[in-house]
Amino acid sequence: MASVVQWAGTLEAIYARQSGGQLAWLYNPFRVAKIPGDDTPYRNRQKLLRENEVSNISDVQLKTFLDSEVSSIPDKLKEVTRIFFGLLQASFNNRWRQVIALGLDAIDIWVSSIRDLEVPGWTSAGLASIIGFCIDIADRTESTSCLDDEMETDGGCQNLQRILNGIRKHIGKFRGESDVSQIGVYTILLTESIRLCLKLNNPPMATAFLKTIPSQQLPPRSQRGPATRFKFYYGNLMLQKEQFHEATDPLNWALAYCPSKSTQLRRQILACLIAAKIHCGYLPTRQLTEANNLQHYDGIIEAIRTGNLHLFDATMSQHAQQFYAEGTTICLNKSKLIAQQTLCIRVYNWINKYTTIDANSSQQAQTILVPDPPNIIHLNYFTAALRLSSQDDGIDAEETMCIIAHLIQQGLIKGYIAWQQCKLVLSKINPFPSIVKTR
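In our numbering, the protein residues as written are 1253 to 1691.
Below, the structure is given as structure tokens:
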């Protein structure tokens, strides 16, 4: 039981220092528990707790030990600790339904204890660790075959919904609080609620959670981590709702205040920010993507810059899993319109460059060279360009008309299609509006 004694001693020392970050580390089951689909040997995980000691200790033994040896922490936190050990034991035996149930019990006790001032608010960082673990377990049990006998094959979404319901019932208890420690808990609950709505692919469900915390009430530096995650998921939600300009502000805030050691979170923020900025007319440099291991966006950026539709489709297909994991798939798919606009601009520029009328040429020659004014272009030019750019000979005039009509409807082309003549009539003033002004 030596590792349990060491763990308890560490808990007491962290509680005395009031270090929320270290408490989050201590109560992070990912460092100890078994995870669905993860075959990493236990010896290669965090070694502060030994699996055999955790598995063999009973709840009564643990309660007796905590009461006698760890006297400085509140009773409610001791109760959460006992549930935490039960959660670890259930994970060692692949009882994922029980893991989630115990996690929800721990969340209920921890949130209520902070609300009733039985446990200090700075401990909410540990609460965030347990919530995150439960969400990941529910997510993994949906996407892997590592299920226990009691969990249905479609139980992942059901369990995500259970966790959302378990968190949502507490949000109203903290809304409007002015106490800094209480705001920290509210931030965590709000953040994880939005995160769950995104995982359930139901952004409208998050409408009730969009009570943004006023900047003057944001938690102090000790709680900046939860505030950063809130801004990230809030920006991600705006991204899914196609409110790209609204997404950039919270994402920029999250990036500015993201802890330097949180490289994974910083990378996730940048991925969403790149997707949002593309729709606002800004393309990141290759140096930025390389510095943050986001090179899979280079193909998308180059395709938008040059109008290369084949490169766009190939990149989306090749890195589909990465884009999905980063939550940018839908947003990037919509950015194909910008690549199509770029291609149309290149067609327009090419026609105006290589079909210039010589002032000294005869009227007959002018008629042969340029049958229409510069702002009137036959759709055959666009059909040929779409075939070449997409490397798809199956694109016909009807599909070209649909693509052009969609670009007009989205405000990326100013003009109209003359259906009978099969021509695009462009506005003589700014026929291809800047993406910055159309979104």
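Built from N, CA and C at the ideal position, the CB exists for glycine as well.
Going by alpha carbons, who is nearest to residue i out of the options?
i     : options                    : result
P1281 : D1360, K1328, S1343        : S1343
P1511 : I1359, P1478, A1543        : P1478
L1595 : G1559, N1604, K1586, T1567 : G1559
G1355 : R1347, I1383, I1366        : I1383
A1577 : V1437, L1540, L1517, P1536 : L1517
I1629 : A1636, I1660, K1675        : K1675
K1513 : R1639, P1683, G1273        : G1273
P1685 : Q1673, G1663, W1671        : G1663
T1635 : P1626, S1365, D1645        : D1645
A1268 : D1319, S1324, T1459        : S1324
K1328 : G1338, A1353, I1366        : I1366
Y1606 : P1626, S1587, K1588        : P1626
I1552 : Q1539, I1352, A1543, H1571 : H1571
Three-state secondary structure (DSSP) at residue i?
i     : result
I1628 : strand
L1676 : strand
T1541 : helix
F1684 : coil
L1379 : helix
T1580 : coil
G1272 : helix
D1357 : helix
D1311 : helix
P1536 : coil
R1349 : helix
M1253 : coil
N1585 : helix
Y1438 : helix
Y1267 : helix
D1645 : coil
Which residue marks the beginning of the alpha helix (DSSP H) containing residue i, and which one marks its end?
i     : result
K1483 : 1476-1492
Y1600 : 1588-1606
I1335 : 1327-1344
N1504 : 1496-1509
V1306 : 1303-1308
K1529 : 1515-1531
V1322 : That residue, V1322, is in no alpha helix (DSSP H); it is neither H nor E in DSSP.
V1371 : Note, V1371: premise wrong, no alpha helix (DSSP H); not H, not E.
H1571 : Unbroken run through H1571: none, as it is neither H nor E.
G1652 : Going by the sequence as given, residue 1652 is Thr instead of Gly. Start and end: 1649-1661.
T1459 : No alpha helix (DSSP H) contains T1459, which DSSP labels as neither H nor E.
G1551 : 1550-1558
Mind reading off the beta-carbon distance from residue i to residue j? Whole number of angstroms is fine, and I expect it under 8 Å.
i     : j     : result
I1556 : I1590 : 5 Å
E1321 : A1377 : Rounded, the Cβ-Cβ distance is 23 Å, inconsistent with contact.
Y1485 : T1443 : 5 Å
L1448 : L1416 : 4 Å
L1491 : C1524 : 6 Å
I1665 : M1653 : No, I1665 and M1653 are not in contact; Cβ-Cβ is about 12 Å, not under 8 Å.
T1500 : A1528 : 5 Å
F1337 : I1309 : 7 Å
Do residue i and residue j have their C-beta atoms within less than 7 Å of each other?
i     : j     : result
W1362 : V1332 : yes
I1335 : D1311 : no
L1340 : V1371 : no
F1385 : T1439 : no
Y1534 : T1541 : no
R1476 : S1445 : no
Y1633 : V1677 : no
S1381 : Y1279 : yes
I1387 : V1351 : no
Where does the unbroken beta strand (DSSP E) through residue i begin, and where does it stop?
i     : result
Y1668 : 1667-1670
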